[in-house]
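Undergrad: Right, I'll just put the structure down here and ask away after.
There are 2 protein chains.
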Amino acid sequence: MLDERKRKILKEIVDEYIETAEPVSSAVIVQKYEPDISSATVRNSMAELEKDGYLEKPHTSAGRVPSAKGYRLYVDELLKYDNISLEDIKYIQEKLESKATGIEELTKIAATTLSEVTHYTTVSIGPKTSKQIIEEIKFVLLGSRMLMGIIMTDTGLVRETIIKFDEDITNEQVDTLNYFFNNKLKGEPLEKIDTSFEEYIFRELKYSVNIIRPIIEQMKKLIEEEEIYLEGANKSFELPEFKSLELAKNFVNILDTKELMVDILDSGFAEDVKVYIGDENDNEELKDFSIVTFKHSIGDKDVGTIGIIGPKRMNYSKVISVMKYISKKLKDFDNDNK
Amino acid sequence: MLDERKRKILKEIVDEYIETAEPVSSAVIVQKYEPDISSATVRNSMAELEKDGYLEKPHTSAGRVPSAKGYRLYVDELLKYDNISLEDIKYIQEKLESKATGIEELTKIAATTLSEVTHYTTVSIGPKTSKQIIEEIKFVLLGSRMLMGIIMTDTGLVRETIIKFDEDITNEQVDTLNYFFNNKLKGEPLEKIDTSFEEYIFRELKYSVNIIRPIIEQMKKLIEEEEIYLEGANKSFELPEFKSLELAKNFVNILDTKELMVDILDSGFAEDVKVYIGDENDNEELKDFSIVTFKHSIGDKDVGTIGIIGPKRMNYSKVISVMKYISKKLKDFDNDNK
DNA sequence: TTTAGCACTCTGTATTTTTGACTGCTAATA
DNA sequence: TATTAGCAGTCAAAAATACAGAGTGCTAAA
Numbered sequence: 062m063l064d065e066r067k068r069k070i071l072k073e074i075v076d077e078y079i080e081t082a083e084p085v086s087s088a089v090i091v092q093k094y095e096p097d098i099s100s101a102t103v104r105n106s107m108a109e110l111e112k113d114g115y116l117e118k119p120h121t122s123a124g125r126v127p128s129a130k131g132y133r134l135y136v137d138e139l140l141k142y143d144n145i146s147l148e149d150i151k152y153i154q155e156k157l158e159s160k161a162t163g164i165e166e167l168t169k170i171a172a173t174t175l176s177e178v179t180h181y182t183t184v185s186i187g188p189k190t191s192k193q194i195i196e197e198i199k200f201v202l203l204g205s206r207m208l209m210g211i212i213m214t215d216t217g218l219v220r221e222t223i224i225k226f227d228e229d230i231t232n233e234q235v236d237t238l239n240y241f242f243n244n245k246l247k248g249e250p251l252e253k254i255d256t257s258f259e260e261y262i263f264r265e266l267k268y269s270v271n272i273i274r275p276i277i278e279q280m281k282k283l284i285e286e287e288e289i290y291l292e293g294a295n296k297s298f299e300l301p302e303f304k305s306l307e308l309a310k311n312f313v314n315i316l317d318t319k320e321l322m323v324d325i326l327d328s329g330f331a332e333d334v335k336v337y338i339g340d341e342n343d344n345e346e347l348k349d350f351s352i353v354t355f356k357h358s359i360g361d362k363d364v365g366t367i368g369i370i371g372p373k374r375m376n377y378s379k380v381i382s383v384m385k386y387i388s389k390k391l392k393d394f395d396n397d398n399k
Numbered sequence: 062m063l064d065e066r067k068r069k070i071l072k073e074i075v076d077e078y079i080e081t082a083e084p085v086s087s088a089v090i091v092q093k094y095e096p097d098i099s100s101a102t103v104r105n106s107m108a109e110l111e112k113d114g115y116l117e118k119p120h121t122s123a124g125r126v127p128s129a130k131g132y133r134l135y136v137d138e139l140l141k142y143d144n145i146s147l148e149d150i151k152y153i154q155e156k157l158e159s160k161a162t163g164i165e166e167l168t169k170i171a172a173t174t175l176s177e178v179t180h181y182t183t184v185s186i187g188p189k190t191s192k193q194i195i196e197e198i199k200f201v202l203l204g205s206r207m208l209m210g211i212i213m214t215d216t217g218l219v220r221e222t223i224i225k226f227d228e229d230i231t232n233e234q235v236d237t238l239n240y241f242f243n244n245k246l247k248g249e250p251l252e253k254i255d256t257s258f259e260e261y262i263f264r265e266l267k268y269s270v271n272i273i274r275p276i277i278e279q280m281k282k283l284i285e286e287e288e289i290y291l292e293g294a295n296k297s298f299e300l301p302e303f304k305s306l307e308l309a310k311n312f313v314n315i316l317d318t319k320e321l322m323v324d325i326l327d328s329g330f331a332e333d334v335k336v337y338i339g340d341e342n343d344n345e346e347l348k349d350f351s352i353v354t355f356k357h358s359i360g361d362k363d364v365g366t367i368g369i370i371g372p373k374r375m376n377y378s379k380v381i382s383v384m385k386y387i388s389k390k391l392k393d394f395d396n397d398n399k
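As structure tokens, this is what we get:
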């Protein structure tokens, strides 16, 4: 449907717009990319690209700007994703190899590095915990009325919490708790720690509610925990689109209503690098932004998701290249640790 | 020096400006606050207040705006700090009583609550760890090549970290580590965990560097950790002063260069509610903002500091009232737990 | 199919005009 | 002496106007 010339010109327009943030005119295309054809020819192609929905005009006498459909074609078909410098490769390797204390920290480090290399804002969330399989549970007495509960899962996730009591706990009780929790929960998914489990423990152990209740409560909190980390939010404010106060406000709001970001990061499949352009996933607030995400998974379980959010006019080539590279590195990392 | 009328009018002007964000004219003062005197009289007083440096004029035909000196008098002498509703009191009590798992979480909860009640952005940092006294150190084996290190201090702070090794660790080694660390460090400040301590352990235990090194490294990281938490950053963007893009950008920058905020939060004395107006602590970047802080201390050790940052035209009365209340509540809380 | 050329459109900017919100001062008043 | 009415003067912000130039789309020729 689109001949080679139109594809080429579309790519050039998007490239140019990404670089300058100004509507692109036929003259510029001729000057910088197509010295051998005339601006009238370019204009003809542009008119057709607009008719087909790939370009838009802010107004009659302005240049053209890519539409969401235009960006989509650009991202899906017109780009190559090997736009990553040796320097960046070296930096990323270095960062990822500095030993993280666990997969949660690893995700954070990856997100920070991504933000540093691309100069965009990144958002990351930890693993969806509820489906992870419990490998071990450990209670440790800290003082007479305080316990630390530690849970380890099959993906290498370790979470811990402090539990406080209104009465003293004995060493024997701790041993019994360790035995019961492990016996009953090892090999089960984390979501098994629920009210019915609380009832079971209560029936079996006959400990006072003052002991059982805080434990279960804290453990449940531990599972629900879904921290979301932001990196480089201020970098975005340097971009020209943020001169529009409305846009800037929208941006802050998107980052602040964490549910929205979590929803987007959670959707999509493992290990794909996914690109959401503007309001493709019909959310009005996102219409001026694009989000690029990928999931870090071990087996069939997600252990962390990272997203980059920036203006629609973001440097997709670099962002996606770097993400693919980091994704691959994390994968290698997991295999080495097997 | 300032007679009663001038003080009264100054307070009214600041009140009015805080409410409307618009320069205040003599007419408004007469209309809303001083029906019994004429605008000419108010104008005379305003002229004198300006001469004395309490008010400023954006330009000849505008109303008056408080100067930093004006705000200072307002905060120090003209306000009463009991501007807190029963509703807010109830809400704060509820929030603080929901059991936190430790003082670090308590500080975070207090900061969040403060932001919710005042609708301003809050910033909080945890305790300065290095001077805290070690009460107990505990190592727990998690699998054969992973240890959890837990440190408890006299203020009730608990920090833990995961330590990974390249070789197996035995239960005996863990016991020995527990003994040595506690024996040598109990009663000492956290900063004692340093290179010379590493050398000592290495001499005494003769464990391989592969064991000692990761432990000390992780422990040191634990102490240095100084997280800074932001709450309600987006709320500020709703304020009219943030229509100025420059201000908005400044604000983002202030929040992002964490050192600046940490510096300000760290200064000042325990348990005072301190108010910094504009560039009083001569930092150019802060000239359009005010910061109100207080420290939560147990004994002579800070366990957390909370700050509110907003435009100079912030609702000092409410902010300071709420802060004083929260400060008192935390104090009570500590005493109860003694 | 491509291109030169030109009329037309529309925005952004600069310039001027108008409006109206306030003040400061003067002179009268209590 | 302290207050006030009244008014001229000031200045910014808004509205109106004019202008330049960037870019397109179309026509007709190559």
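As given, the protein sequences belong to chains X and R, one line each in that order.
Just remember that the numbering used here sits 61 ahead of the position in the first sequence, which is counted from 1.
Just remember that the numbering used here sits 61 ahead of the position in the second sequence, which is counted from 1.
All residues carry an ideal CB built from backbone N, CA and C; glycine is no exception.
Tell me whether Arg-68 (chain X) sits in a helix, a strand or coil according to DSSP, three-state version.
TA: Here residue 68 (chain X) corresponds to residue number 7 of the first sequence, with the count starting at 1. Three-state DSSP puts Arg-68 (chain X) in a helix.
Undergrad: Would you verify that the beta carbon of Thr-216 (chain R) is, or is not, closer than 8 Å to some beta carbon of chain X?
TA: The sequence position of residue 216 (chain R) within the second sequence is 155, counting from 1. Answer no: the Cβ-Cβ gap between Thr-216 (chain R) and chain X never drops below 8 Å.
Undergrad: Using 8 Å as the threshold, is the segment 172-189 of chain X in touch with the segment 103-110 of chain X, meaning 3 or more CB pairs across them?
TA: Result no; under three Cβ-Cβ pairs closer than 8 Å.
Undergrad: Could you check whether the Cβ of Glu-307 (chain X) sits closer than 8 Å to any Cβ belonging to chain R?
TA: To locate residue 307 (chain X), count along the first sequence from 1; it is residue 246. Glu-307 (chain X) does not count as touching chain R.
Undergrad: Among X:Asn-342, X:Leu-147, X:Glu-158, which has the Cα closest to the Cα of Lys-390 (chain X)?
TA: In the first sequence, counting from the first residue as 1, residue 390 (chain X) sits at position 329. Answer by Cα proximity: X:Glu-158.
Undergrad: If I measure Cβ to Cβ from Ile-338 (chain R) and keep anything under 8 Å in the same chain, skipping five residues before and after, which residues do I get?
TA: Along the second sequence, one-based indexing puts residue 338 (chain R) at 277. Hits under 8 Å: Ala-129, Tyr-132, Arg-133, Val-136, Ser-351, Lys-373.
Undergrad: Say whether chain X places a C-beta atom closer than 8 Å to the C-beta of Phe-241 (chain R).
TA: To locate residue 241 (chain R), count along the second sequence from 1; it is residue 180. Chain X contact via Cβ: absent.
Undergrad: Val-201 (chain X) touches chain R at which residues, Cβ-Cβ below 9 Å?
TA: Against the first sequence, residue 201 (chain X) aligns to sequence position 140. Under the 9 Å cutoff, chain R gives Lys-199, Val-201, Met-209, Ile-211.
Undergrad: When you compare the CB positions of Ser-195 (chain X) and Thr-214 (chain X), do they come within less than 8 Å of one another, or not?
TA: The residue you call residue 195 (chain X) lines up with position 134 of the first sequence. The residue you call residue 214 (chain X) lines up with position 153 of the first sequence. Reading the sequence as shown, one finds Ile at residue 195 (chain X) and not Ser. Cβ atoms of Ile-195 (chain X) and Thr-214 (chain X): closer than 8 Å.
Undergrad: Return the residue from the list R:His-357, R:Ile-359, R:Lys-362, R:Phe-303 that minimises the CA-CA distance to Met-375 (chain R).
TA: The sequence position of residue 375 (chain R) within the second sequence is 314, counting from 1. When each option's Cα is compared against that of Met-375 (chain R), the closest is R:Phe-303.
Undergrad: Using CA coordinates, which residue listed in X:Phe-355, X:Glu-233, X:Glu-299 is at the minimum distance from Asp-333 (chain X)?
TA: If you number the first sequence from 1, residue 333 (chain X) lands on position 272. When only C-alpha atoms are compared, the closest one is X:Phe-355.
Undergrad: Return helix, strand or coil for Ile-145 (chain X), following the three-state DSSP convention.
TA: Residue 145 (chain X) sits at position 84 when you count from the first residue of the first sequence. Three-state DSSP puts Ile-145 (chain X) in coil, outside helix and strand.
Undergrad: Check whether the Cβ of Gly-329 (chain X) lies closer than 8 Å to any Cβ atom in chain R.
TA: On the first sequence, residue 329 (chain X) is found 268 positions in, with the first residue counted as 1. Cβ-Cβ to chain R under 8 Å: no for Gly-329 (chain X).
Undergrad: According to DSSP, is Gly-131 (chain R) helix, strand or coil?
TA: The residue you call residue 131 (chain R) lines up with position 70 of the second sequence. Helix.
Undergrad: Contact check, Lys-225 (chain X) vs Arg-206 (chain X) under 8 Å by CB: the rounded distance?
TA: Within the first sequence, residue 225 (chain X) is the residue found at index 164, counting from 1. Within the first sequence, residue 206 (chain X) is the residue found at index 145, counting from 1. Indeed, because the Cβ distance is near 6 Å, the residues count as touching under 8 Å.
Undergrad: Determine which residues of the segment 355-378 of chain R have a Cβ less than 8 Å from any Cβ of chain X, and write them out in chain order.
TA: Result list empty, no residue passes.
Undergrad: Is there at least one Cβ from chain R nearer than 8 Å to Gln-279 (chain X)'s Cβ?
TA: Taking the first sequence and counting its residues from 1, the one referred to as residue 279 (chain X) is at position 218. Yes, because at least one Cβ of chain R sits closer than 8 Å to the Cβ of Gln-279 (chain X).
Undergrad: Is there a Cβ of chain X sitting closer than 8 Å to that of Thr-81 (chain R), yes or no?
TA: Stepping through the second sequence from its first residue, residue 81 (chain R) is reached at position 20. Closer than 8 Å: no.
Undergrad: Assign Asn-311 (chain X) to buried or exposed, taking buried as 16 or more other Cβ atoms, counted over all protein chains shown, within 10 Å of its Cβ.
TA: Position 250 of the first sequence, counted from the first residue, corresponds to residue 311 (chain X). Classification of Asn-311 (chain X): buried, given that the 10 Å Cβ count is 16 or more.
Undergrad: Using a C-beta to C-beta distance shorter than 9 Å, which residues of chain X count as neighbours of Gly-163 (chain R)?
TA: To locate residue 163 (chain R), count along the second sequence from 1; it is residue 102. Per Cβ cutoff of 9 Å: Ile-223, Lys-225.
Undergrad: What are the boundary residues of the beta strand (DSSP E) that includes Tyr-337 (chain R)?
TA: Within the second sequence, the letter at position 276 stands for residue 337 (chain R). 334-338 is the extent of the beta strand (DSSP E) around Tyr-337 (chain R).
Undergrad: Is the CB of Asp-236 (chain X) under 8 Å away from at least one CB in chain R?
TA: On the first sequence, residue 236 (chain X) is found 175 positions in, with the first residue counted as 1. No, no contact with chain R.
Undergrad: In this structure, what does DSSP give as the bridge partners for Met-207 (chain X)?
TA: Taking the first residue of the first sequence as position 1, residue 207 (chain X) is located at position 146. Paired residues: X:Lys-225.
Undergrad: Counting contacts by CB-CB distance shorter than 8 Å, is Asp-317 (chain X) in contact with chain R?
TA: In the first sequence, residue 317 (chain X) corresponds to position 256, counting from 1. Yes - at least one Cβ of chain R is within 8 Å of the one on Asp-317 (chain X).
Undergrad: Output the distance between the C-alpha atoms of Glu-287 (chain X) and Asp-324 (chain X), rounded to the nearest integer angstrom.
TA: Indexing the first sequence from 1 puts residue 287 (chain X) at position 226. Indexing the first sequence from 1 puts residue 324 (chain X) at position 263. Cα-Cα distance, rounded: 12 Å.
Undergrad: Near Leu-140 (chain X), which residues of its chain fall below 7 Å by C-beta distance, leaving aside the five closest residues on each side in sequence?
TA: For this step, residue 140 (chain X) is matched to residue 79 along the first sequence. Closer than 7 Å at Cβ, skipping near neighbours: Tyr-377, Ser-378.
Undergrad: Tell whether a beta-carbon distance below 8 Å holds between Ile-211 (chain R) and Leu-203 (chain X).
TA: For this step, residue 211 (chain R) is matched to residue 150 along the second sequence. For this step, residue 203 (chain X) is matched to residue 142 along the first sequence. A contact, by the Cβ cut-off of 8 Å.
Undergrad: Residue range of the alpha helix (DSSP H) that Ser-257 (chain R) falls in?
TA: In the second sequence, the residue the question calls residue 257 (chain R) occupies position 196. Looking at the DSSP string, the run of the alpha helix (DSSP H) that includes Ser-257 (chain R) is 256-266.
Undergrad: Are the C-beta atoms of Val-270 (chain X) and some chain R residue less than 8 Å apart?
TA: Counting from 1 along the first sequence, the entry for residue 270 (chain X) is found at position 209. Taking Cβ atoms only, chain R never reaches closer than 8 Å to Val-270 (chain X), which makes this a no.
Undergrad: Can you tell me whether Thr-162 (chain R) is helix, strand or coil according to DSSP?
TA: Mapped onto the second sequence, residue 162 (chain R) falls at position 101. Three-state result, Thr-162 (chain R): coil.
Undergrad: Take the Cβ of Thr-11 (chain R) as the centre, count every other Cβ of all protein chains shown within 10 Å, and call the residue buried at 16 or more, exposed below.
TA: Residue coverage of chain R in this structure runs from 62 to 399, which leaves residue 11 (chain R) outside it and unanswerable.
Undergrad: Please report whether the beta-carbon of Asn-344 (chain R) lies at a distance below 8 Å from any beta-carbon of chain X.
TA: What you label residue 344 (chain R) is simply residue 283 of the second sequence in a count that begins at 1. For Asn-344 (chain R), the answer is no, since every Cβ of chain X falls outside 8 Å of its Cβ.
Undergrad: Could you check where the alpha helix (DSSP H) with Asp-327 (chain X) kicks off and where it finishes?
TA: Counting from 1 along the first sequence, the entry for residue 327 (chain X) is found at position 266. Taken as a continuous stretch (DSSP letters only), the alpha helix (DSSP H) holding Asp-327 (chain X) covers 319-327.
Undergrad: Note down the Cα distance separating Ile-98 (chain X) from Glu-138 (chain X), rounded to an integer number of angstroms.
TA: Here residue 98 (chain X) is taken as the residue at index 37 of the first sequence, counted from 1. Here residue 138 (chain X) is taken as the residue at index 77 of the first sequence, counted from 1. Straight-line Cα distance between these residues: approximately 24 Å.
Undergrad: Can you give me the Cβ contacts of Asn-144 (chain X) inside the same chain, cut-off strictly under 7 Å, excluding the 5 residues immediately before and after it?
TA: In the first sequence, residue 144 (chain X) corresponds to position 83, counting from 1. Counting only Cβ-Cβ distances below 7 Å, and skipping sequence neighbours, we find Ser-378, Lys-379, Ser-382.
Undergrad: Can you give me the start and stop residues for the alpha helix (DSSP H) that Glu-278 (chain R) sits inside?
TA: Walking along the second sequence from the start, residue 278 (chain R) turns up at place 217. Taken as a continuous stretch (DSSP letters only), the alpha helix (DSSP H) holding Glu-278 (chain R) covers 270-285.
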